[in-house]
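For the sequence shown, position 411 matches number 409 in my numbering, and the numbering has no gaps at all.
Virtual Cβ for every residue (Gly too), placed ideally from N, Cα, C.
Report on one structure; see the data block that follows.
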Amino acid sequence: MTRCHNPINTQQQREHELLALWYYRHPEVRAAREEVQSYWLDLVEPSPAMRQCFDRAFDEVMFGAVIWALNQDPLYPRVITISRVPHTLRGEQIPGSRWGLDNPDSIYRVIPISGDEQYVIRGRVAERRLVENYFTLWSETMQTVGLLSGRDLQVDDQGYFEISVDSAPANGRPNHIQTTDQAHEFYIRDVILDWAQDRANELSVERLGGMPSRAPYSERENLERIKAFMHKYATNTTRWNAQALDKPANAFNFVIDRDSDGALRGQIYILGHFDLPNENSALLLDVSMGGAEYFIAPITNVWGTTNAIIERPGCLNNHQARPNRDGTYTFVVSLRDPGICNWLDPTDMSEGILTLRWAEFEGGRPSEDFVVKSLLVSLDDLDSCLPEGVAKVSPQERQRQLAERAQSYAWRLA
């Protein structure tokens, strides 16, 4: 049997996005969006740079709330991909749904469950096993209550697997996740390190135990849940961003708590914000891998979304970036192309947030050389501040780099 070229493009996903679009256009949801818009702008009091990107980001965050809110019924669970970029479906323009300091490498999928029910998650791993893949079971407040790493996933000789999900201990069952009364939802991350070659795992879910005890949530229940999610998304994004914005600009030393708010155990997140005084400014970041197999540096705005990640290098991972001779990485954040291979383009924003992420450490912990160094410099002085041998690119090479980047992402939207 051939493997699915785009495991996101399921019939269930397509139907869900079109249903979400219908709700997004509902008069009650439109009215709620206007209320949240005023509330959020008053809450944040954004700078001119952040106000400029608000409209686009707000549309994505609000549509993301609809996408997620419509997959909250544990008696009728679906595997739904969230945090997508805008795309076209059956002639309809589907808004993006990015939210919550999204990682552009990750394909995020959610499955609602109840600790009182039994489920089986079926799937097939990609031909190239992913550098990072986790089945995280969350409580309603994003506390981790269960976890299965893709590295521990047992598959057959064709890559198929089943994960049992219920309140009983494993008792010898492979691929088992034990639930609790706090269990609310699976949050599944498939990290696409090589955008051109890697693919997400194929996934489906089945609730076991016969007919559900009630009908699916009604339109009224969905509308109320959507409105609550929209307000929650604005409040939570502002609270998360405060962790970076309360610290000095251009400094990166705040480590996020990995056991709460959706952070992933086994990863290290260093959160900070940058502020470029003018178009001739550059933030220089020297990053040690610390023994990690995976690293990404994504730029987000204060509304919690990444920017132009396909046609511009608004994020780079350790496959896309070029290492220094000693295995470290040097990145440059600047409004103008500095001619450095590892340019992080803030998409015309003079300020923003960086959530640096490392994962899959050898031995489970970073080595002693794990560090991030940052320095604000003038582009005129950049060359004198760079480590020896940092890779540079010509304008023609940059165009080729960006064309390859866009092409490597295209399968996710096919």
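By the Cβ rule, the region 99 to 108 counts as touching the region 289 to 299, because three or more pairs are nearer than 8 Å. Per DSSP, Cys383 is one residue of the alpha helix (DSSP H) stretching across 380 to 383.
Leaving aside the five residues that flank Arg403 on each side, the residues in its chain whose CB is nearer than 8 Å to its CB run, in chain order, Trp193, Ile308, Glu309, Pro311, Gln318. Collapsing the DSSP output to three states places Tyr117 in a strand. Of all alpha-carbon atoms in Ser95, Ser137, Arg122, Gly94, the one lying nearest the alpha-carbon of Gly113 is that of Ser137. Counting only residues of its own chain and dropping the five nearest sequence neighbours on each side, Glu90 has a CB closer than 8 Å to the CB of Leu16, Leu19. The continuous alpha helix (DSSP H) containing Asp57 extends over residues 52 to 67. Counting C-beta atoms within 10 angstroms of its own C-beta, Ala240 has fewer than 16 neighbours from the protein chains shown and is therefore classed as exposed. Cys313 has Pro296 as its beta-bridge partners, per DSSP. Under the three-pair Cβ rule at 8 Å, the region 275 to 287 does not count as touching the region 64 to 84. Look at the beta carbons and you see the region 381 to 395 touching the region 322 to 340: at least three pairs across the two are nearer than 8 Å. Positions of the beta strand (DSSP E) runs, each at least 3 residues long and wholly inside the region 335 to 365, are given as 349 to 359 in order along the chain. Three or more beta-carbon pairs drawn from the region 23 to 41 and the region 232 to 239 are found closer than 8 Å, and the two stretches are therefore classed as touching. Annotation: the continuous beta strand (DSSP E) that includes Arg107 extends over 104 to 110. Secondary structure at Leu16: helix, using DSSP grouped into helix, strand and coil. About 6 Å separates the beta carbon of Glu160 from that of Asn173, a gap short enough to meet the 8 Å contact definition. Between the C-alpha atoms of Gly208 and Tyr215 there is a straight-line separation of about 18 Å. Going by C-alpha positions, Tyr22 is about 29 Å away from His3.
As computed with DSSP, Asp273 is found in a beta bridge with Glu349. Excluding residues up to 5 positions away in sequence, Ser286 lie with their Cβ nearer than 7 Å to the Cβ of Val369 in the same chain. Here the alpha carbon of Arg187 sits roughly 16 Å from the alpha carbon of Ser95. Exclusion of the five residues before and after Ile294 leaves Asn101, Pro102, Asp103, Cys313, Leu314, Asn315, Asn316, Leu354, Arg355 as the residues of its chain whose Cβ lies within less than 8 Å of its Cβ. Between the alpha carbons of Asp53 and Arg1 lies a distance of about 38 Å. The beta carbon of Gln195 sits closer than 7 Å to the beta carbons of Arg126 from its chain, once the five residues preceding and following it are set aside; these are given in chain order. Secondary structure of Trp409 (DSSP, three-state): helix. Annotation for Asn234: the continuous alpha helix (DSSP H) segment containing it runs 217 to 243.
As DSSP reads the structure, Thr134 sits in a beta bridge with Leu145, Tyr185. The residue from Pro84, Pro72, Glu13 with its alpha-carbon nearest to that of Glu58 is Pro84. In the DSSP assignment, the residues bridged to Tyr327 are Val285.
Restricting attention to Gly362, Ser365, Asn220, Thr304, the CA atom closest to the CA of Trp66 is found in Asn220.
When secondary structure is reduced to three states using DSSP, Val83 falls in the coil class, being assigned neither helix nor strand. The three-state reading of DSSP puts Tyr74 in coil, since its state is none of H, G, I, E or B. Per DSSP, reduced to three states, the secondary structure at Leu128 is coil, with no helix or strand assignment. The shortest C-alpha to C-alpha distance from Asp155 to any of Ala181, Arg334, Ala408, Ala124 is the one to Ala124. By alpha-carbon distance to Glu222, the top candidate from Gln11, Ala30, Leu283 is Ala30.
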